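Peer 1:
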Amino acid sequence: MATFAKPENALKRAEELINVGQKQEALQALHDLITSRRYRAWQKTLERIMFKYVELCVDMRRGRFAKDGLIQYRIVCQQVNINSLEEVIKHFMLLATERAELARNQAQALEEALDVEDLEADKRPEDLMLSYVSGEKGKDRSDRELVTPWFKFLWETYRTVLEILRNNSRLEALYAMTAHRAFQFCKQYKRTTEFRRLCEIIRNHLANLNKYRDQRDRPDLSAPESLQLYLDTRIEQLKVATELGLWQEAFRSIEDVYGLMCMVKKTPKPSLMVVYYGKLTEIFWMSSNHLYHAYAWLKLFSFQKSFNKNLSQKDLQLIASSVVLAALSVSPYDKLYGASHLELENEKERSLRVANLIGFDVEPKTENREALSRSSILSELVSKGVMTCVTQEVKDLYHLLEHEFLPLDLALKVQPLLNKISKLGGKVSSASSVPEVQLSQYVPALEKLATLRLLQQVSQVYQTIQIGNLSKMIPFFDFAAIEKIAVDAVRHNFVAVKVDHMKHAVFFGKQSIEAEGLRDHLSLFAESLSKARLMIYPPAKKAAKLGDALSNLAEIVEKEHKRLLARKSIIEKRKEEQERLLLEMERVEETKRREMQKITEEAEQKRMAAELEQRRTQRILKEIEERELEEAQALLQEAEKRSKRKKKPVLDGEKMTKQVIMELALNEQLRERQEMEKKLLKFAKTMDYMERARREEAAPLIESAFQQRLAEEAALHEREQQQEIELSRQRHAGDLEEKRRLGRMLENKRIFQERAVSSREAEFNRLKHERQERINQIIQSRKQDRETRRKLIFFLRSQEAQQKRLQEEEEARKREEAEQRKREEAERKAKLDEIAEKQRQRERELDEKKRLEREEILRKSTPVLPKPAEPSIVGRPAEAGGSAPAAAAAAPAPAKFVPRFRREKIDGAGQTPPPETDRWGSGSRPDDRPSDRWRDERKPPSFGGGSRTSWSGSRR
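So, in structure tokens, the structure goes:
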């Protein structure tokens, strides 16, 4: 193909090859022509070549050839004629889609043709044997042979087009259209695997778009048109994911939409937000996460109420009812009760992530956000006025489940309301983006909630109840299901229930030491022992002897018990102080380590960022310089080709830099421009002369032709006027004849009109009389209904007032009991504190007494030493625990030398002995300070009457 001088000849040669059946050679020739740079100036012809090229690629299913050709054609058209590339790509996708549909229709027609009763009449024996051996049906084989290859090629076509159009601001609309077609392809043929790959491809394209921000034709996401196209693509992806049942991919699509909004810091249109929250409700319901499902419904209700002006009252009531029932369906207890710290942290992170998706905050402030919970959403329902829009059945159900206390008949009152609610629902006609509302889906969760509420209220009233009675009170489930619900509630610390199948009873209340019923177990135990003692030793026989033996037993036991309690509290305080110090030291060390690590990481990141920025700047400058040099050389070559004279020789040793080339190119362009201006001036002067001569010669001819035209038009006007007058006379005569003919029927017309009017007037009077009778009957029936309703409302209000008065009396009684318990608790605590203080005082006196006894024993057991001739050795200073006079009395001055160890023994004779060691080996009392003990142990001994002050001074 390289031998042809023009691309038209190359195209003709390719068509000849196609006609003779050599499609492979024609495709290879066109591919070589497109990939070469020889014919890039022939735009129109190259476009026709591309149309023929993609047709060949589709016919032969050569996706790789098509991709290479389209990439080369994009390089040619991207800056010159981008519409041509768009048309070629549209034609390519259209051909691939048509061939896939044709193959599918052929496979269906083949299957219908083979669907006959007598298989032996239409099928060959080879086909029957193949079907029995391979295990495939006829449709499976036809799909594998005819449909699958074309579907693979169509999928490859979509991927190729998306890869070519990515990161190009001029082809954003075509990119979005291709993505939509690919989504519809996956939806129509239920291609879940390809849909996941397609979502990942689009996600990677957006990530690369944000990663490489220095591209020339990169789309600007801050522009409204680009943002809207990307959002529409993600919303379509979300819709198809939910329709295919790919809920995990749908949630990732939700995150893509949220990430796109966070990236551009803009809020989308309300119509897109409605679709966003509508799909969120479906995703959270399928994941059995009722709390997030309720929050999504609440946001959807807010958007519909604020922005949908066409929303009818019925549809608003249906949406509000769905919001309230979704909130009530949330479990009333915390399912993370008893979870580990890691699970709580993971749940906290997950809740924050979902809260961002539901709240759609572009810049979330986590420190001000409240945690998502059932109580918070129920309070929002009341504050935002959702309860005023719901149906009466939903309002009554909410009041029963959240505010009423009916332990015996709660479930029986809830059941008819649930039966009515299950019949409500349907498509929201005035809001097409809102999903279909079916209130019956909340009935199982509401039945479970009613069961939990009944168990909670019964546990506050009864301690024991029969299994049969409890089953009658809950008509929703049998006792096995009720027991399962109760076990789950007990596991999450919602109620305290114990089922005894042998006794056929259910017990309520906690049986642990911390329960309310076992608060006074010690006093009850003492009373039982007292009764047993009285039974063993009757007071009539041995009262005197028993009183003498046990006169001081109660006092001794009480004192010993208080002493043990005081010692336990002291030990616990010491342990807590030691653990606190250790934790504080570990925390300080960990903080220092993290700070050092953070400083090191920040320094490393800054260095790497600086190096990356420097390399990127150098690369950009180098690319700009190379591009400018190539453009200057191209300009110089074009100018030399157009000039008729030869190229000037370059001087020897001259360096062709970018400035020299630019100057040569500009000089050549200036010279050509001047020559062109001279030619245009000469040509304009010649044209002026020719035009003036032509007009002078044509003036008399134009005048004669004009006069002749006037005469012809006057004659034509006169002839047409005469014809119009003649036609008017003929029409007038015919109208008069028609009037005379119709005048004879005028009397018959009047008689028919009177008869019709009279019959219709009689019918109207009859209908008016019947309507008045119906209105009177309706008015009478409504009066009776109003009277009945008024009496019923009066009765209900009186019952409600009586019930409210009983509740207030019960609450007042409970408050008085609580205050009485608090006073008793305070008195008991004051008595315990007083006893503990007395015990500590006695222990201090006992310790002081023991210390004095030890000093007396040491003083008596110490031998009398002679006082030396030298100055006496002074013992430990008064700060070490003994006084100066006591030390002098304990150490007389003998004449002989006293060793050091004996002097230290003598000096410490009058001091307080070390305290007893506790379990940690420390001998300090609770009021001793470690810093003082360390300071005393480091004191140096004083020799020759030297003081501590003088020694410290010499040390400094």
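Its first residue numbered 675, the sequence shown is counted upward by one per residue in the working numbering. Heads up, the beta-carbon is just placed ideally off N, CA and C, and yes, glycines get one too. Source: prediction; values computed, not measured.
1) Kindly indicate which three-state DSSP category Ile1139 falls into: helix, strand or coil?
2) Among the residues of its own chain, which have a CB less than 8 Å from the CB of Arg1609, if the five just before and after it don't count?
3) Mind checking Gln974: buried by the 16 CB within 10 Å criterion, or exposed?
4) Go through the stretch 810–886 residue by residue and report every complete run of the alpha helix (DSSP H) that reaches 4 residues or more, in order.
5) I need the DSSP call for Lys1356, collapsed to helix, strand or coil.
6) So, at 6 Å on beta carbons, what are the nonlocal neighbours of Leu883 in its own chain, with the 5 sequence-adjacent residues on each side left out?
7) Do you know offhand how far Leu759's Cα is from Tyr727's?
8) Within 10 angstroms of the Cβ of Gly743, are there 16 or more other Cβ atoms? Answer buried if so, exposed if not.
9) Indicate the three-state DSSP secondary structure (helix, strand or coil) for Val754 in the structure shown.
10) Determine the direct distance from the alpha carbon of Asn1030 to that of Arg1024, and round the result to whole angstroms.
11) Between Leu1238, Glu1312 and Asn1341, which has its C-alpha nearest Arg1514's C-alpha?
12) Counting C-beta neighbours from all protein chains within 10 Å, is the total for Thr1062 16 or more, i.e. buried, or is it exposed?
13) So which of Lys939, Glu1305 and Glu910 has the shortest CA-CA distance to Ser927?
14) Can you tell me the Cβ-Cβ gap for Glu846 and Ser900, rounded? I've got them flagged as a contact below 8 Å.
15) Please identify the residue among Leu1256, Cys936 and Val914 whose C-alpha is closest to the C-alpha of Ile957.
16) When burial is assigned at 16 or more other CB atoms within 10 Å of the CB, is Gly1142 buried or exposed?
17) Cβ of Leu1084 within 9 Å of Cβ of Gln1131?
18) Would you kindly work out how many angstroms separate the C-alpha atoms of Glu1351 and Glu1285, rounded to a whole number?
19) Put Phe1150 into one of helix, strand or coil per three-state DSSP.
20) I need the boundaries of the beta strand (DSSP E) containing Val1173, first residue and last residue.
21) Identify which residue in Gly1099, His1077, Glu1263 and Tyr969 has its Cα closest to the Cα of Leu992.
22) Where does Ile1095 land, buried or exposed, given buried means 16+ other C-beta within 10 angstroms?
23) Based on the DSSP secondary-structure assignment, which residues constitute the bridge partners of Phe1182?
24) CA-CA distance, Glu1508 and Lys1236?
25) Between Ala770 and Thr867, is the Cβ-Cβ spacing less than 9 Å?
26) Output the boundary residues of the alpha helix (DSSP H) element that contains Phe925.
27) Taking 8 Å as the limit between beta carbons, can you name the residues of its chain near Glu917, skipping five residues before and five after?
28) Within the same chain, show all residues whose beta-carbon is closer than 6 Å to that of Tyr849, passing over the 5 residues directly before and after it, in chain order.
29) I need the straight-line Cα distance from Lys797 to Gly919, nearest angstrom please.
30) Compare the Cα-Cα distances from Ser1107 to each of Ser961, Tyr1072, Lys1058 and Ser945 and report the closest residue.
31) Whole angstroms are fine: how far does the CA of Tyr747 sit from the CA of Arg722?
32) Can you name, in chain order, every residue of its own chain whose Cβ lies under 8 Å from the Cβ of Asp1601, other than the five neighbours on each side?
33) Going by DSSP in three states, Val1111 sits in which element: helix, strand or coil?
34) Taking only three categories from DSSP, how would you classify Gly1100?
35) When the Cα of Val1111 is compared with those of Leu1227, Ser962, Ser996 and Glu1437, which residue comes out closest?
36) I need the DSSP call for Leu1129, collapsed to helix, strand or coil.
Peer 2: Based on what the coordinates show:
1) strand
2) Note on Arg1609: pLDDT 42, under 50, position unreliable in the model; no value is reported.
3) Residue 974 is actually Leu in this sequence, not Gln. By the neighbour-count rule (16 or more Cβ atoms within 10 Å), Leu974 is buried.
4) 812–816, 822–839, 846–862 and 866–885
5) Helix at Lys1356.
6) Asn841
7) 13 Å
8) buried
9) coil
10) 10 Å
11) Leu1238
12) exposed
13) Glu910
14) 6 Å
15) Val914
16) exposed
17) yes
18) 53 Å
19) coil
20) Val1171 to Asp1174
21) Gly1099
22) Counting Cβ neighbours within 10 Å, Ile1095 comes out buried, since at least 16 surround it.
23) Val1171
24) 10 Å
25) no
26) Trp921 to Val938
27) Lys861
28) Leu839
29) With a pLDDT of 48 at Lys797, under the threshold of 50, the modelled position of that residue is not reliable, and the figure given next carries that caveat. For the pair Lys797 and Gly919, the Cα-to-Cα distance works out to about 40 Å.
30) When each option's Cα is compared against that of Ser1107, the closest is Ser945.
31) Each residue's alpha carbon lies about 12 Å from the other.
32) Per-residue confidence for Asp1601 stands at a pLDDT of 44, beneath the threshold of 50, marking its modelled position as unreliable; the derived number appears in the next sentence. Excluding sequence neighbours, Asp1601 sits near nothing in its chain.
33) strand
34) strand
35) Ser996
36) helix
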